[in-house]
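Chains as they are written, first to last, in my numbering: chain A, 4 to 289; chain B, 5 to 335. No residue lacks a Cβ here, since even glycine has one placed at the ideal position from N, Cα and C. Remember, it's a predicted structure, so these values are computed and weren't measured experimentally.
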C-alpha cells in the first residue's frame with residue numbers, strides 16, 4: 004500500500020471529488036442486490052445442483068427404479084411423475100431462500116447493507132427474486148429433461164403457460180416459508196437440518212410420486228389436503244399428464260385443483276408473510 | 005446541549021441485552037475534523053457503542069447525533085452521512101473488489117457513471133487496482149481491510165466509524181492503514197475509532213476515552229492521560245551485571261526510593277525533574293559505571309490503563325476474540 008498518499012500528493016482534495024449520496028429508488032437497490040446474488044451462482048455454479056442434478060436424479064430414480072412397480076392407469080408413469088417433481092423443485096425454493104438469507108445474516112455483509120441508506124426490505128425482496136430465478140432455472144431444466152423421457156404439454160400454449168404461472172405463484176408462497184426459517188434459525192446447518200426433516204417429507208406426503216387413492220384413508224386425507232397435491236393435480240390437468248380422470252371420491256381440493264392452488268398460495272402468503280417479516284426484523288434489530 | 009461544531013455526539017447512551025448492560029451511560033462529543041478513539045479491553049462496550057452510533061442498534065436510552073442528526077429519528081439521513089468499517093469483514097467474498105465497491109455505489113444511488121469512476125478511484129487509492137478483478141476470497145487480510153475501508157468511503161462520508169480497524173493485521177499493514185486514516189483526516193473527515201491497542205490510540209487520536217465494563221473511566225488527550233497515571237520515571241540501564249548493586253546505591257543516595265530489576269540490570273526511580281537526571285548521570289560517571297541508557301520515561305498508555313482499571317488491557321476474556329462475540333454470546 005504505497006499509493007494512498009499519491010492522491011493527496013497530487014493535491015486533489017478527496018472530498019470535493021465525490022458526490023454525496025442522494026438516496027436511491029427501491030428498484031435500483033433490489034436490482035443491484037439481485038445481480039449480486041446471481042453473481043454468487045455464477046461464481047459457484049454448484050449452488051445450482053439442488054435444482055438441476057438433484058431433481059434429474061429423482062426423475063431417473065423414480066422413472067426407472069421405482070417406476071416399474073408403480074402403475075398409474077391411462078398414462079406412462081414418467082409423464083405423470085414430471086409435474087410432481089416440478090412442484091417439489093418449486094417447494095424447495097423455500098430452502099434456497101432460507102439458506103441464502105441465513106448465510107448473509109451470519110456474515111458481516113448484512114451490517115454493511117444495514118449501514119447504507121437503503122430500505123430494510125430490499126435485501127429480503129432481492130433474495131426472494133433471485134431465489135425464484137434460481138428455481139425457475141430448475142423448472143426449465145426439468146422441462147427439458149421431461150421432453151427426453153416422454154413428458155409433454157398436450158393442451159396448448161395457454162394452458163401450458165398457466166401451469167408455469169401456478170408454479171411461480173406457489174413458489175412465491177414458499178419464499179415466506181424460507182424467510183421465516185432463514186431468519187429464525189441460527190445457522191445454515193440448522194436451516195438444512197430443520198427444513199430437510201420437515202419440508203422434504205411433506206413433498207412426499209402428496210400425489211407427487213404416488214397415487215393417493217390407494218393410500219390408507221388417514222394418509223390419503225393428509226396427502227389430498229396437502230397444498231403440493233393441489234399444485235401437482237392442477238399441473239397434470241393443465242398439461243394433460245393426468246391419465247384417467249380423478250376418482251370421484253377424491254378430496255375437495257383435488258376436484259378444483261387450480262382454484263385451490265391459488266387459494267393455498269394466497270392464504271399461505273397471508274399467514275406466513277407477517278410472521279416472516281417479524282422474524283427477519285427481530286433478527287436484524289441489534 | 006448540542007456542542008456547536010460537533011460531528012459526533014453521545015449523551016448518556018445505554019444499551020442493555022436482557023440483564024447484561026453492555027453500555028452504561030456513555031457520553032462524548034467529537035469536534036469536526038478530529039480523531040476520537042474509544043479505548044478498552046474486549047467486552048468493554050466499544051462495538052455496541054459503534055453499532056448504536058451507526059444506526060445498527062437502537063439505544064436502550066440516551067441520545068446520539070451524527071452530523072447533527074439523531075441516530076434513531078433520522079436514521080436514514082445519518083446513514084447517508086457516515087461510513088462504517090465494522091470489525092468483521094463486511095465485503096462480499098464471492099464478488100471481486102471492483103464489484104463490491106460498485107454494489108455499494110449502486111445501493112447509495114450514485115449515478116452509474118459516478119459509481120464506476122468512484123470505484124476505480126478508490127481501488128487506485130488503496131492500491132487494489134491490480135486485484136480489482138479478483139474475487140475477495142483470494143485477498144489477504146490486509147487487502148480485505150483496505151477494501152472494507154474503501155467500501156465505507158464510496159459516498160465520501162464526512163464522518164467515518166472504524167471498529168478495531170487494524171485487529172488481525174500484520175505490523176506493516178497496520179502502519180499503512182494509519183497512513184490512510186491520517187490522509188482522510190487531513191482532508192476533513194471526522195474519525196471515530198475503537199481500539200484495544202494503546203499505541204494505535206496514541207498514534208492517531210486527538211482525544212481518547214477509556215472504557216471498561218460499559219463505562220467511561222477516563223478521557224483526555226493522549227498526553228493528559230499519560231500525565232494522569234503519574235509522573236515520569238527515571239530509568240537507568242547498567243551495562244555490567246557486577247556494577248548493578250553499586251549503581252543502585254548511588255541512585256538511592258540521590259532520590260531515596262528505587263525499584264531494582266537485577267536480571268534486566270535496570271533501576272527505576274521516581275523522576276524529580278531533569279536536574280536529578282543530570283546529577284545522577286554525573287555521579288555514575290564519576291564512579292566509573294558504564295551505562296547502556298539513562299533517561300526519563302513517560303508512562304505508556306499501557307501503564308495508564310493499568311492505573312485506571314487495575315488490569316491490563318488484553319488480560320480480560322481470554323476466550324473471546326472481540327467485543328462482538330462476547331456480546332453475541334449474551335444475547
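Close beta carbons around residue i, own chain, < 6 angstroms, minus the five adjacent residues each side
{"i": "residue 137 (chain A)", "result": "99"}
{"i": "residue 96 (chain A)", "result": "134, 138, 174 and 177"}
{"i": "residue 238 (chain A)", "result": "86 and 166"}
{"i": "residue 102 (chain B)", "result": "123 and 136"}
{"i": "residue 311 (chain A)", "result": "The requested residue 311 (chain A) is not part of the displayed model; chain A covers only 4 to 289."}
{"i": "residue 130 (chain B)", "result": "150 and 154"}
{"i": "residue 13 (chain B)", "result": "33 and 69"}
{"i": "residue 162 (chain A)", "result": "241"}
{"i": "residue 276 (chain A)", "result": "179"}
{"i": "residue 50 (chain A)", "result": "44"}
Own chain, CB closer than 7 angstroms to residue i, minus 5 neighbours either side, in chain order
{"i": "residue 255 (chain B)", "result": "240, 262, 271, 273 and 284"}
{"i": "residue 154 (chain A)", "result": "81, 82, 85 and 244"}
{"i": "residue 75 (chain A)", "result": "83, 214 and 246"}
{"i": "residue 286 (chain A)", "result": "108 and 186"}
For residue j and residue i, the rounded distance between their alpha carbons
{"i": "residue 40 (chain A)", "j": "residue 280 (chain A)", "result": "20 angstroms"}
{"i": "residue 188 (chain B)", "j": "residue 182 (chain B)", "result": "10 angstroms"}
{"i": "residue 193 (chain B)", "j": "residue 155 (chain B)", "result": "15 angstroms"}
{"i": "residue 113 (chain A)", "j": "residue 94 (chain B)", "result": "7 angstroms"}
{"i": "residue 207 (chain A)", "j": "residue 150 (chain A)", "result": "23 angstroms"}
{"i": "residue 24 (chain B)", "j": "residue 48 (chain B)", "result": "12 angstroms"}
{"i": "residue 158 (chain A)", "j": "residue 235 (chain A)", "result": "16 angstroms"}
{"i": "residue 193 (chain A)", "j": "residue 48 (chain A)", "result": "23 angstroms"}
{"i": "residue 282 (chain A)", "j": "residue 118 (chain A)", "result": "20 angstroms"}
{"i": "residue 333 (chain A)", "j": "residue 132 (chain A)", "result": "A query on residue 333 (chain A) cannot be resolved here, the shown segment of chain A reaching from 4 to 289 and no further."}
{"i": "residue 98 (chain B)", "j": "residue 308 (chain B)", "result": "43 angstroms"}
{"i": "residue 122 (chain B)", "j": "residue 214 (chain B)", "result": "36 angstroms"}
{"i": "residue 33 (chain A)", "j": "residue 228 (chain B)", "result": "50 angstroms"}
{"i": "residue 273 (chain A)", "j": "residue 265 (chain A)", "result": "12 angstroms"}
{"i": "residue 89 (chain B)", "j": "residue 203 (chain A)", "result": "40 angstroms"}
{"i": "residue 330 (chain B)", "j": "residue 150 (chain B)", "result": "With a pLDDT of only 40 at residue 330 (chain B), under the threshold of 50, the placement of this residue in the model should not be trusted; the figure read from the coordinates follows. Rounded to the nearest angstrom, the two C-alpha atoms are 25 angstroms apart."}
{"i": "residue 180 (chain B)", "j": "residue 191 (chain B)", "result": "17 angstroms"}
{"i": "residue 45 (chain B)", "j": "residue 20 (chain B)", "result": "18 angstroms"}
{"i": "residue 55 (chain A)", "j": "residue 121 (chain A)", "result": "34 angstroms"}
{"i": "residue 353 (chain B)", "j": "residue 252 (chain B)", "result": "The structure shown has nothing for residue 353 (chain B), since chain B only spans 5 to 335."}
{"i": "residue 125 (chain A)", "j": "residue 96 (chain B)", "result": "17 angstroms"}
{"i": "residue 288 (chain B)", "j": "residue 157 (chain B)", "result": "57 angstroms"}
{"i": "residue 278 (chain A)", "j": "residue 183 (chain A)", "result": "7 angstroms"}
{"i": "residue 59 (chain B)", "j": "residue 104 (chain A)", "result": "21 angstroms"}
{"i": "residue 248 (chain A)", "j": "residue 217 (chain A)", "result": "15 angstroms"}
{"i": "residue 29 (chain B)", "j": "residue 218 (chain B)", "result": "8 angstroms"}
{"i": "residue 72 (chain A)", "j": "residue 66 (chain A)", "result": "10 angstroms"}
{"i": "residue 141 (chain A)", "j": "residue 260 (chain A)", "result": "23 angstroms"}
Nearest-angstrom Cβ-Cβ length linking residue i and residue j, presumed shorter than 8 angstroms
{"i": "residue 90 (chain A)", "j": "residue 181 (chain A)", "result": "Going by Cβ atoms, the distance from residue 90 (chain A) to residue 181 (chain A) rounds to 16 angstroms, so no, they are not a contact pair."}
{"i": "residue 136 (chain B)", "j": "residue 147 (chain B)", "result": "About 11 angstroms separates the two Cβ atoms, so there is no contact after all."}
{"i": "residue 226 (chain B)", "j": "residue 206 (chain B)", "result": "5 angstroms"}
{"i": "residue 139 (chain B)", "j": "residue 46 (chain A)", "result": "7 angstroms"}
{"i": "residue 164 (chain B)", "j": "residue 86 (chain B)", "result": "7 angstroms"}
Whether residue i touches residue j by CB criterion (7 angstroms)
{"i": "residue 111 (chain B)", "j": "residue 126 (chain B)", "result": "no"}
{"i": "residue 37 (chain A)", "j": "residue 176 (chain A)", "result": "no"}
{"i": "residue 210 (chain A)", "j": "residue 190 (chain A)", "result": "no"}
{"i": "residue 195 (chain B)", "j": "residue 15 (chain B)", "result": "no"}
{"i": "residue 52 (chain B)", "j": "residue 27 (chain B)", "result": "yes"}
{"i": "residue 111 (chain A)", "j": "residue 92 (chain B)", "result": "yes"}
{"i": "residue 56 (chain B)", "j": "residue 50 (chain B)", "result": "no"}
{"i": "residue 114 (chain B)", "j": "residue 221 (chain B)", "result": "no"}
{"i": "residue 293 (chain B)", "j": "residue 258 (chain B)", "result": "no"}
Contacting residues, own chain, Cβ-Cβ under 8 angstroms from residue i (five flanking each side not counted)
{"i": "residue 74 (chain B)", "result": "67, 68 and 82"}
{"i": "residue 70 (chain A)", "result": "80, 81 and 84"}
{"i": "residue 227 (chain A)", "result": "210, 215, 253, 254, 256 and 257"}
{"i": "residue 236 (chain B)", "result": "275, 300, 301, 302 and 303"}
{"i": "residue 278 (chain B)", "result": "300"}
{"i": "residue 37 (chain B)", "result": "11, 189, 192, 193 and 194"}
Where residue i meets chain D, residues with beta-carbon distance less than 7 angstroms
{"i": "residue 281 (chain A)", "result": "The chain labelled as chain D is not found among the protein chains of the depicted structure, namely A and B."}
Checklist entry - Using Cβ-Cβ distances below 9 angstroms, what residues of the segment 27-43 of chain A are close to chain B? => result 27, 28, 31, 32, 34, 35, 36, 38, 39, 42 and 43
Checklist entry - In the segment 72-83 of chain B, which residues sit with their C-beta less than 7 angstroms from some C-beta in chain A, listed in chain order? => result 80 and 83
Checklist entry - Using a beta-carbon distance cut-off of less than 8 angstroms, what residues from the segment 195-221 of chain B approach chain A? => result Per Cβ criterion, the list is empty.
Item to check | Residues of the segment 151-170 of chain B whose Cβ lies closer than 9 angstroms to any Cβ of chain A, in chain order | outcome: 152, 155, 156, 157, 158, 159, 160, 161, 162 and 165
Item to check | Members of the segment 39-59 of chain B that neighbour chain A once the beta carbon cut-off is set at 8 angstroms | outcome: 55, 58 and 59
Item to check | chain B contacts from the segment 132-146 of chain A (Cβ-Cβ distance under 9 angstroms) | outcome: none
Checklist entry - Which residues, in chain order, does the segment 168-186 of chain A contribute to contact with chain B at a C-beta distance below 7 angstroms? => result none
Checklist entry - Using a beta-carbon distance cut-off of less than 7 angstroms, what residues from the segment 12-32 of chain B approach chain A? => result So nothing in the stretch comes that close.
Next on the checklist: Tell me which residues of the segment 192-221 of chain A have at least one Cβ-Cβ distance to chain B shorter than 7 angstroms, keeping chain order.
Outcome noted: none
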